[in-house]
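Sequence lines, in order, name chains A and B.
Residues in the first sequence are numbered consecutively from 210, following the numbering used here.
Residues in the second sequence are numbered consecutively from 3, following the numbering used here.
The structure under discussion appears below in the form of structure tokens.
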Amino acid sequence: LAKTTQPISMDSYEGQEVNITCSHNNIATNDYITWYQQFPSQGPRFIIQGYKTKVTNEVASLFIPADRKSSTLSLPRVSLSDTAVYYCLVGSQGGSGNTGKLIFGQGTTLQVKP
Amino acid sequence: DAGITQSPRHKVTETGTPVTLRCHQTENHRYMYWYRQDPGHGLRLIHYSYGVKDTDKGEVSDGYSVSRSKTEDFLLTLESATSSQTSVYFCAISDRQGAGELFFGEGSRLTVL
Chain A
210 LAKTTQPISM DSYEGQEVNI TCSHNNIATN DYITWYQQFP SQGPRFIIQG
260 YKTKVTNEVA SLFIPADRKS STLSLPRVSL SDTAVYYCLV GSQGGSGNTG
310 KLIFGQGTTL QVKP
Chain B
3 DAGITQSPRH KVTETGTPVT LRCHQTENHR YMYWYRQDPG HGLRLIHYSY
53 GVKDTDKGEV SDGYSVSRSK TEDFLLTLES ATSSQTSVYF CAISDRQGAG
103 ELFFGEGSRL TVL
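Laid out in structure tokens, this is it:
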């Protein structure tokens, strides 16, 4: 299982771009990288997923270098409502024999200030 | 939002009593997970299921058991609750392991006195 390492916390200001990097040195060939956002008293929710290069959706971009040993979640022009905990998760698509254990890292607490 | 319901949402119990938390889904997803979340520890996997009657241990399975007798329900049981099991418990579902999106329930807050 690929272990992930993220910064424990980050601070930013409204309107800035925020980049959160996750290290996953032992990522396997079949593993995908997924980022989740969690607000207090709520379950995490999906932000974005990728396998390699760059993925962009309406809320974030995900950059994955060629060696895939790390990934960077980019949040453009953050607002106060982006204050949350962000988790990266690495897991494989798997075949019939893959049982699906998904382990979260510690997550990064992002504090956006006015 | 994905059809996933946890019950009870809040429970206070005493040390030594059995407790069962229920996760119910209406999405027909294959994979179901139980996580606990405590301050300073993030989300820790307790048990997961990859099909009916197919379950496996996660990171922190001691003191917990699970059962999945049908696709839609995944039960988490604390045979004899301890104060260290005071936590918020989240259930999650997915239709594909790893590459699929995890959908989380709203959580069940358990307090063991």
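We put the CB at the ideal spot given by N, CA and C, even for glycine.
Could you say which of A:I236, A:L311 and A:V287 lies nearest to K278 (chain A) if we only look at CA atoms?
Within the first sequence, residue 278 (chain A) is the residue found at index 69, counting from 1. K278 (chain A) has its Cα closest to that of A:I236, out of A:I236, A:L311 and A:V287.
Using 8 Å as the Cβ pair cut-off and three pairs as the minimum, do the segment 81-91 of chain B and the segment 15-24 of chain B touch?
They touch, by the three-pair rule.
Secondary structure at L115 (chain B), three-state DSSP: helix, strand or coil?
As a working note, residue 115 (chain B) is residue 113 in the second sequence. Here L115 (chain B) sits in coil by DSSP.
Per-residue burial, Q320 (chain A) [other beta carbons within 10 Å of its own, 16 or more giving buried]:
Taking the first residue of the first sequence as position 1, residue 320 (chain A) is located at position 111. The residue in question, Q320 (chain A), is exposed, as its Cβ has fewer than 16 Cβ neighbours within 10 Å.
For Y35 (chain B), which residues of its own chain have a beta-carbon under 6 Å away from its beta-carbon, when the five flanking residues on both sides are left out?
Locating residue 35 (chain B) in the second sequence gives position 33, where the first residue counts as 1. Contacts found: Y50 and A94.
By a C-beta neighbour count over all protein chains shown, 10 Å radius and 16 as the cutoff for buried, is P253 (chain A) buried or exposed?
As a first step, residue 253 (chain A) is located in the first sequence; it is residue number 44 there, counting from the start. Counting Cβ neighbours within 10 Å, P253 (chain A) comes out buried, since at least 16 surround it.
Among B:G102, B:R98, B:L78 and B:K13, nearest to L115 (chain B) - alpha-carbon criterion:
For the purposes of this step, residue 115 (chain B) is taken as the residue at position 113 of the second sequence. Restricting attention to B:G102, B:R98, B:L78 and B:K13, the CA atom closest to the CA of L115 (chain B) is found in B:K13.
Return the chain-ordered ranges of every beta strand (DSSP E) run that is complete within the segment 260-317 of chain A and spans a minimum of 3 residues.
262-265, 270-273, 279-284 and 293-301
Span separating the alpha-carbon of E29 (chain B) from that of H233 (chain A)
The residue given as residue 29 (chain B) occupies position 27 in the second sequence. The residue given as residue 233 (chain A) occupies position 24 in the first sequence. For E29 (chain B) and H233 (chain A), the distance between alpha carbons rounds to 31 Å.
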